[in-house]
């Protein structure tokens, strides 16, 4: 079983997220991609626009696009109100799926901030990483993070996805009344409209 954790705000989930997950699943022969909305991201403590429950519901609808995709509550808000650290989420995934080969799927911009993450060395022990490249990001960028040869061997670059969609821009368009039918799955759009989100 090959499983990737795909965390993020998903506020809202859009075609860019699905394209990244599809490319990763195809390239790394993944059996499952777990879309895990983050309860409270440590590097974005100002929070999300939309509640966790709404983001999870939208992710569940978006995941219907591919049988390999599953919405996951593994990164739900913590009862103690503390931030959700990826190292804790990956540790929980290891506990729940000890036999699985585990990956963590992130964008290159997030990966370059890895030294600022909680227990960065442990993160590379808990899972192999699938890094979605951005223009100008190369394998050489990994050495700038101070990764040793073993750590670099646990990083897989995915450089064939170029979906430059920013959720902030999407929310602005939705607020202005643009339904963004070109960027968001119909079922997710229906949810957004029926729950009066981003208005």
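Residue numbers (the working numbering): 2 to 200. All residues carry an ideal CB built from backbone N, CA and C; glycine is no exception. Predicted model, so just to flag it, every value in this text is computed and none were measured.
- Item | Start-to-end residues for the beta strand (DSSP E) that takes in residue 117 | Position 116 of the chain shown holds residue 117. That residue, residue 117, is in no beta strand (DSSP E); it is neither H nor E in DSSP.
- Query: Can at least three beta-carbon pairs, one atom from the stretch 3-13 and one from the stretch 21-31, be found at a separation below 8 Å?
  - Reply: yes
- Out of curiosity, what's the CA-to-CA distance linking residue 161 and residue 178? The sequence position of residue 161 within the chain shown is 160, counting from 1. The sequence position of residue 178 within the chain shown is 177, counting from 1. Taking the straight line from one Cα to the other gives about 32 Å.
- Task: Measure the alpha-carbon distance for residue 128 versus residue 150 and round it to whole angstroms.
- Result: In the chain shown, residue 128 corresponds to position 127, counting from 1. In the chain shown, residue 150 corresponds to position 149, counting from 1. One C-alpha to the other measures close to 16 Å.
- Item | Among 71, 157, 101, 186, nearest to residue 108 - alpha-carbon criterion | Within the chain shown, numbered from 1, the residue matching residue 108 stands at position 107. The candidate whose alpha carbon is nearest that of residue 108 is 157.
- Item | Separation of residue 199 from residue 125, as counted between CA atoms | The residue labelled residue 125 in the question sits at position 124 within the chain shown. The residue labelled residue 199 in the question sits at position 198 within the chain shown. About 36 Å.
- Under the assumption that residue 185 contacts residue 15 (Cβ atoms under 8 Å), give the Cβ distance between them as a whole number of angstroms. The residue given as residue 185 occupies position 184 in the chain shown. The residue given as residue 15 occupies position 14 in the chain shown. The pair is a contact, with the Cβ atoms about 5 Å apart (cut-off 8 Å).
- Message: Once DSSP output is grouped into helix, strand and coil, what is the label at residue 187?
- Response: As a first step, residue 187 is located in the chain shown; it is residue number 186 there, counting from the start. Helix.
- Query: Anyone know if the C-beta pair for residue 115 and residue 146 falls short of 7 Å?
  - Reply: Here residue 115 refers to the residue found at position 114 of the chain shown. Here residue 146 refers to the residue found at position 145 of the chain shown. One thing to note: residue 115 has its Cβ within 7 Å of the Cβ of residue 146.
- Query: Which residue's Cα is closest to the Cα of residue 86: 96, 41, 74?
  - Reply: Along the chain shown, one-based indexing puts residue 86 at 85. Of 96, 41, 74, the residue nearest in Cα terms is 41.
- When you compare each of 97, 88, 59, 60 to residue 122 by their alpha carbons, which one comes out closest? Taking the first residue of the chain shown as 1, we reach residue 122 at position 121. Considering only alpha carbons, the answer is 88.
- Item | Reference residue 133, options 175, 17, 78, closest by Cα | Within the chain shown, residue 133 is the residue found at index 132, counting from 1. Nearest of 175, 17, 78 to residue 133, Cα basis: 17.
- Quick one, which of 21, 61, 12, 10 has its alpha-carbon nearest residue 159's? Position 158 of the chain shown, counted from the first residue, corresponds to residue 159. The candidate whose alpha carbon is nearest that of residue 159 is 21.
- Item | Outcome for residue 195 when other beta-carbon atoms lying within 10 angstroms are tallied against a minimum of 16 | In the chain shown, counting from the first residue as 1, residue 195 sits at position 194. Burial call: exposed.
- Entirely enclosed alpha helix (DSSP H) segments - the stretch 7-86, minimum 4 residues: 16-28, 53-63
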